[in-house]
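Heads up: the sequence shown begins at 1 in UniProt numbering, then just goes up one per residue.
For glycine and all other residues, C-beta sits at the position ideal for the given N, C-alpha and C.
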Amino acid sequence: MTAVLPSLVLTLLCLLRAGAEVPVQLDFDTKKFAGMWHIMAAVSNCPVFLSMKDKMTSSVTAISFTPEGHMTMETGEKRDLRVMDTDYEHYAIVYSQQKDSQEPSTMLQLYSGSRNQDMSPHLLQKFKELFHSMGLTEDMLVMLPHSGDPAAPCWEHTSLLEINGCRSCP
């Protein structure tokens with residue numbers, strides 16, 4: 001019985017962690033959030049993302065919403081995206097998870113409302129705290145350099161995944 005109790009506690013903690021809801025922006029305003037956002041940083045445990053992260057550059061994504069309030073953006077496939085935190089003008093932290101693959105993967109992206117937006121140390125720290133709380137680590141992080149093309153599609157990773165038919169990344 002003594003050996004079973006610690007195992008039971010660990011199992012329950014894992015179940016609680018796995019079933020925990022991702023925190024989202026309170027009183028989220030779709031009208032204020034819609035528009036152009038620059039992807040400045042991303043972190044993921046997806047093996048394809050990790051193998052390609054050194055080749056990625058920042059790009060722009062246009063976000064809009066359906067009448068039902070569902071976020072739409074160019075990604076090539078339907079995904080569950082959640083805005084964890086935003087000030088609607090300067091930054092947003094967006095979460096996605098891929099559950100369909102053999103190994104589920106998680107991704108957080110840091111968006112900037114301005115192409116020239118420098119990330120403050122405070123904002124970067126907030127991003128790191130959030131991704132650490134999701135079990136992601138510093139070695140999974142990429143700070144995306146500017147692509148030089150303001151009209152570039154939502155970063156290279158997404159386009160290459162669509163071409164190769166990869167379904168392992170969020």
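For Leu-124, the enclosing alpha helix (DSSP H) starts and ends at 121–133. With fewer than 16 other beta carbons inside 10 angstroms of its own, Thr-66 counts as exposed.
Residues of the same chain with a CB within less than 8 angstroms of the CB of Ile-93, apart from the 5 flanking positions on each side, are Val-83, Met-84, Asp-85, Thr-86, Leu-108, Gln-109, Leu-110, Tyr-111, Lys-126, Phe-127, Leu-130 in chain order. Using a 10 angstroms sphere on the CB of Thr-72, the tally of other CB atoms stays under 16, which defines it as exposed. Contact check for Tyr-95 against Met-119 fails: the beta carbons are separated by 9 angstroms or more. In this structure Ser-44 is buried. Its beta-carbon is surrounded by 16 or more other beta-carbon atoms within 10 angstroms. Under a 10 Å Cβ-count criterion, Ala-42 is classified as buried, with 16 or more other Cβ atoms of the shown protein chains found around its own Cβ. Excluding sequence positions up to five before and after Gly-113, its CB lies within less than 6 angstroms of the CB of Glu-89, His-90, all in the same chain and listed in chain order. Among the bridge pairs identified by DSSP, Gln-97 is matched with Thr-106. For His-38, the closest alpha carbon among the candidates Thr-61, Gln-98, Thr-137 is that of Thr-61.
Bounds of the alpha helix (DSSP H) holding Met-52 are 47–52.
The continuous stretches of beta strand (DSSP E) do not include Thr-57, and DSSP gives it neither H nor E. In the DSSP assignment, Thr-66 falls outside any beta strand (DSSP E) and carries neither an H nor an E. Contact check for Met-36 against Ser-58 fails: the beta carbons are separated by 9 angstroms or more. Around the CB of Thr-137, fewer than 16 other CB atoms lie within 10 Å, so the residue is classed as exposed.
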